[in-house]
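Undergrad: Below are the structure tokens for one structure; questions will follow.
Protein chains: 2
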Amino acid sequence: MPETQFTAAQLAVPPRTSSIRSPRPVVRSRIVGENHTLLYEGGRNRSLYRVVDGCVVLSQLLDDGRRQITDVLGPGRLFGFTVDGRNIATAETLSVARIEPLGDADLNADDPAIARELKATLHRMQAHATLLGRKTASEKVASALVELARLFNRAARNGAPARLSFHLHLTRADLADWLGLTVETVSRCLNRFKREGLIDFSHPKTMRVLDPERLDATAGFSRQRANDAARP
Amino acid sequence: MPETQFTAAQLAVPPRTSSIRSPRPVVRSRIVGENHTLLYEGGRNRSLYRVVDGCVVLSQLLDDGRRQITDVLGPGRLFGFTVDGRNIATAETLSVARIEPLGDADLNADDPAIARELKATLHRMQAHATLLGRKTASEKVASALVELARLFNRAARNGAPARLSFHLHLTRADLADWLGLTVETVSRCLNRFKREGLIDFSHPKTMRVLDPERLDATAGFSRQRANDAARP
DNA sequence: CGTCTACTTGACACGCATCAAAATTGGTGG
DNA sequence: CCACCAATTTTGATGCGTGTCAAGTAGACG
Chain E
1309 MPETQFTAAQ LAVPPRTSSI RSPRPVVRSR IVGENHTLLY EGGRNRSLYR
1359 VVDGCVVLSQ LLDDGRRQIT DVLGPGRLFG FTVDGRNIAT AETLSVARIE
1409 PLGDADLNAD DPAIARELKA TLHRMQAHAT LLGRKTASEK VASALVELAR
1459 LFNRAARNGA PARLSFHLHL TRADLADWLG LTVETVSRCL NRFKREGLID
1509 FSHPKTMRVL DPERLDATAG FSRQRANDAA RP
Chain X
1309 MPETQFTAAQ LAVPPRTSSI RSPRPVVRSR IVGENHTLLY EGGRNRSLYR
1359 VVDGCVVLSQ LLDDGRRQIT DVLGPGRLFG FTVDGRNIAT AETLSVARIE
1409 PLGDADLNAD DPAIARELKA TLHRMQAHAT LLGRKTASEK VASALVELAR
1459 LFNRAARNGA PARLSFHLHL TRADLADWLG LTVETVSRCL NRFKREGLID
1509 FSHPKTMRVL DPERLDATAG FSRQRANDAA RP
């Protein structure tokens, strides 16, 4: 996995003093890296971040290189939570991303906004566990598309009802590592969906949902939604 | 103290047959149910609980009955977190369990202990996502045994280094739903481990670890541990 | 225009699911 | 204590979905 390493200077953690609640003196949001910039590894980092723009993924590795992407974060989401002062996972950006440091992760423990974010994350993780453990390859890929369309749908700004076109920040390999599949299976599913008229893409990263209802159905979302709270 | 709102209607929908107790005007800690007592369903409940004794599992259902157990909770763990006032998952006890209501889930949002618990839960969920997405059946079952041995190891009380014998609160079906496998595969793995001298059991629920190191190795824990923080 | 990486597509293999049935365990009542 | 029935667990035979291996195509970038 080709990932540009952060230099020591780049990895330097932001000032410990800043807190989420107190207004920060300077705008610290910054543009990070090109594709696949490693932000920190498990256990190495102590700051909380917010994704301002772009896409960040959290992952874990097994001995032999097997990788699991445990979460995909779009604009607004927080990451960098620690347990016993150590980071839970490895974080890296996909494509160009802007992230905003929020200060020491441990100091914010009692912020209600943090608790809310944690619970929302937990919620997503549970839905994803169900996907990983109990869904077929087609359902997994369809679910991922629905999820990513919601995260990265452009045209959410202007009044127009948003043609469901979005930038797939993830590569096929990333998708595979997120969904517990292989690159080939992901590719086959996407192309089958394309043949069947569910989605379309000319460029492999520019997705467009043609038939949202059938895609939702393929994802097997109906009951899970009732089971869940409203998906945020 | 919020009284737990069990109605016959709510309790009448368990995913599997279970004898259900009528609710008692709750005080503090109490003994709940026999096997498989449904505590609440997704979206129905608003209280936080702590597991005092026994075992509680959280799960989600798909349309067609496929079930995923998203977390297995032993003594000390909290559950009942809400997102937008709705519960994240369905909770049920396995075997006899004592749980302790802690009050309205929303009111505790800024308690640092709650944040810590949430982060620990998140941590476990991420490790489990890696298991679900990237481990083989043998690795999954071995991991489960290691995890459950840690949770339910008896003899933790007396000074003795504890023969690794513990009560498997989960049925084979529960294990399967936790690990994303089928009953048959779980059973085959357990019996293979038994033949190979990794574990032993005469009664299907009474497990004993004979060779902790090899079991750990089979679970594929080495690197993941480096990746993780110390496992709590 | 050549090279590199990501993606696609095909042929094949294998791990785990599925189906079926026997063995064991648990619970209940005599 | 034993007889009986339901549920759980085990075991075997077979098949399918997805992984693996391999080759080919398309963009990106010099």
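Going down the list, the sequences are from chains E and X.
The opening residue of the first sequence carries number 1309 in the working numbering; numbering runs sequentially from there.
The opening residue of the second sequence carries number 1309 in the working numbering; numbering runs sequentially from there.
Note that CB positions come from ideal geometry on N, CA and C, so glycine has one too.
Bear in mind the structure is a predicted one, so any value in this text is a computation, not a measurement.
Tell me whether the beta-carbon of X:Pro1434 lies closer than 9 Å to the beta-carbon of E:Ala1397.
TA: Note that residue 1434 of chain X is Gln in the sequence shown, not Pro. In this structure, E:Ala1397 lies closer than 9 Å to X:Gln1434 by Cβ.
Undergrad: Determine, for E:Ser1330, whether the minimum Cβ-Cβ distance to residues of chain X falls below 9 Å.
TA: For E:Ser1330, the predicted model reports a pLDDT of 36, less than 50, meaning its position is unreliable; a value from the coordinates is still stated below. Not an interface residue.
Undergrad: In the structure shown, what three-state DSSP assignment does X:His1475 receive?
TA: Correct three-state label for X:His1475: strand.
Undergrad: Is the Cβ of E:Pro1383 closer than 9 Å to any Cβ of chain X?
TA: Output row for E:Pro1383: interface = no.
Undergrad: Between which two residues does the alpha helix (DSSP H) holding X:Glu1492 run?
TA: Residues Val1491 to Arg1503.
Undergrad: Between the Cα of X:Leu1366 and the Cα atoms of X:Arg1374, X:Thr1378, X:Ser1355 and X:Leu1430, which residue gives the shortest distance?
TA: Comparing Cα-Cα distances from X:Leu1366 to each of X:Arg1374, X:Thr1378, X:Ser1355 and X:Leu1430, the minimum goes to X:Thr1378.
Undergrad: Can you list, in chain order, the residues of its chain whose CB lies under 7 Å from that of X:Cys1497, leaving out five sequence neighbours each side?
TA: Ala1445, Ser1446 and Val1449.
Undergrad: At 7 Å on the CB atoms, spell out the chain E contacts of X:Val1391, in chain order.
TA: Under the 7 Å cutoff, chain E gives Lys1427, Ala1428, His1431 and Ala1537.
Undergrad: Do you know how far the Cα of X:His1344 is from the Cα of X:Glu1504?
TA: Each residue's alpha carbon lies about 32 Å from the other.
Undergrad: Assign E:Asn1395 to buried or exposed, taking buried as 16 or more other Cβ atoms, counted over all protein chains shown, within 10 Å of its Cβ.
TA: Buried is the call here.
Undergrad: Could you tell me if E:Asp1482 is buried or exposed, where buried requires 16 or more neighbouring beta carbons within 10 angstroms of its beta carbon?
TA: The residue is buried, with at least 16 neighbouring Cβ atoms inside 10 Å.
Undergrad: Using C-beta distances below 8 Å, list every residue in its chain close to E:Leu1523, excluding the 5 sequence neighbours before and after it, in chain order.
TA: So the list reads Ala1450, Leu1453, Val1454, Phe1501, Leu1506, Ile1507 and Val1517, once near-sequence residues are dropped.
Undergrad: With a threshold of 6 Å on Cβ separation, who are the neighbours of E:Glu1349 within its own chain once the five nearest residues in sequence on each side are excluded?
TA: Same-chain partners within the cutoff: Thr1398.
Undergrad: X:Thr1401 by DSSP, collapsed to three states: which one?
TA: Three-state result, X:Thr1401: strand.
Undergrad: Following the continuous alpha helix (DSSP H) through E:Ser1446, name the residue where it begins and the one where it ends.
TA: From DSSP, the alpha helix (DSSP H) with E:Ser1446 extends over Ala1445 to Phe1460.
Undergrad: Classify X:Thr1526: buried if its beta carbon has 16 or more other beta carbons within 10 angstroms, exposed otherwise.
TA: Classification for X:Thr1526: buried.
Undergrad: Could you tell me the alpha carbon to alpha carbon distance between E:Arg1358 and E:Val1391, rounded to whole angstroms?
TA: Cα to Cα, E:Arg1358 sits roughly 18 Å from E:Val1391.
Undergrad: On the DSSP bridge list, what partners appear for E:Leu1394?
TA: Rather than Leu, the amino acid found at residue 1394 of chain E in this sequence is Arg. BP columns for E:Arg1394 point to E:Val1391.
Undergrad: DSSP three-state call for X:Gly1544: helix, strand or coil?
TA: Past the boundaries of the shown model lies residue 1544 of chain X; chain X is included only from 1309 to 1540, so the question cannot be answered.
Undergrad: Could you tell me whether the Cβ atoms of X:His1436 and E:Ala1437 are closer together than 9 Å?
TA: Result yes, Cβ atoms of X:His1436 and E:Ala1437 sit closer than 9 Å.
Undergrad: Go ahead and label X:Ala1484 buried or exposed: buried means 16 or more other beta carbons lie within 10 angstroms of its beta carbon, across all protein chains shown.
TA: Buried: at least 16 other Cβ atoms inside 10 Å.
Undergrad: Would you give the residue range spanned by the beta strand (DSSP E) that X:Arg1516 belongs to?
TA: Element bounds for X:Arg1516: Thr1514 to Val1517.
Undergrad: Per DSSP, what kind of secondary structure is X:Val1360 in: helix, strand or coil?
TA: If DSSP states are grouped into helix, strand and coil, X:Val1360 belongs with the strands.
Undergrad: Along chain E, in chain order, which residues have C-beta atoms closer than 8 Å to that of X:Asp1418?
TA: Near X:Asp1418 (Cβ distances below 8 Å), the residues of chain E are Asp1418, Asp1419, Pro1420 and Ala1423.
Undergrad: So E:Leu1478 and E:Glu1425 are in contact, right, with Cβ under 8 Å, and what is the actual spacing, rounded?
TA: E:Leu1478 to E:Glu1425, Cβ: 22 Å. No contact.
Undergrad: Can you give the Cα-Cα distance for X:Leu1370 and E:Gly1441, rounded to whole angstroms?
TA: So the alpha carbons of these two residues sit roughly 11 Å apart.
Undergrad: Do you know whose CA, among E:Leu1439, E:Asp1412, E:Arg1406 and E:Leu1472, lies nearest X:Gln1368's CA?
TA: That would be E:Leu1439, whose Cα lies nearest to the Cα of X:Gln1368.
Undergrad: Suppose you measure from the CA of X:Ile1422 to the CA of E:Pro1409; what does that come to, to the nearest Å?
TA: Each residue's Cα considered, the two are about 23 Å apart.
Undergrad: Among all the DSSP beta bridges, which residues are the ones paired with E:Pro1409?
TA: The partner list for E:Pro1409 (beta bridge, DSSP) reads E:Tyr1357.
Undergrad: When DSSP builds the beta bridges, which residues end up paired with E:Gln1376?
TA: Note: E:Gln1376 sits in a beta bridge opposite E:Gln1368.
Undergrad: Let me see if you follow: with CB-CB separation under 9 Å, is X:Leu1518 close to chain E or not?
TA: Output row for X:Leu1518: interface = no.
Undergrad: Using a Cβ-Cβ distance cut-off of 9 Å, determine whether E:Val1335 contacts chain X.
TA: Since pLDDT at E:Val1335 reaches only 43, below the 50 mark, its modelled position is unreliable, and no value is offered.
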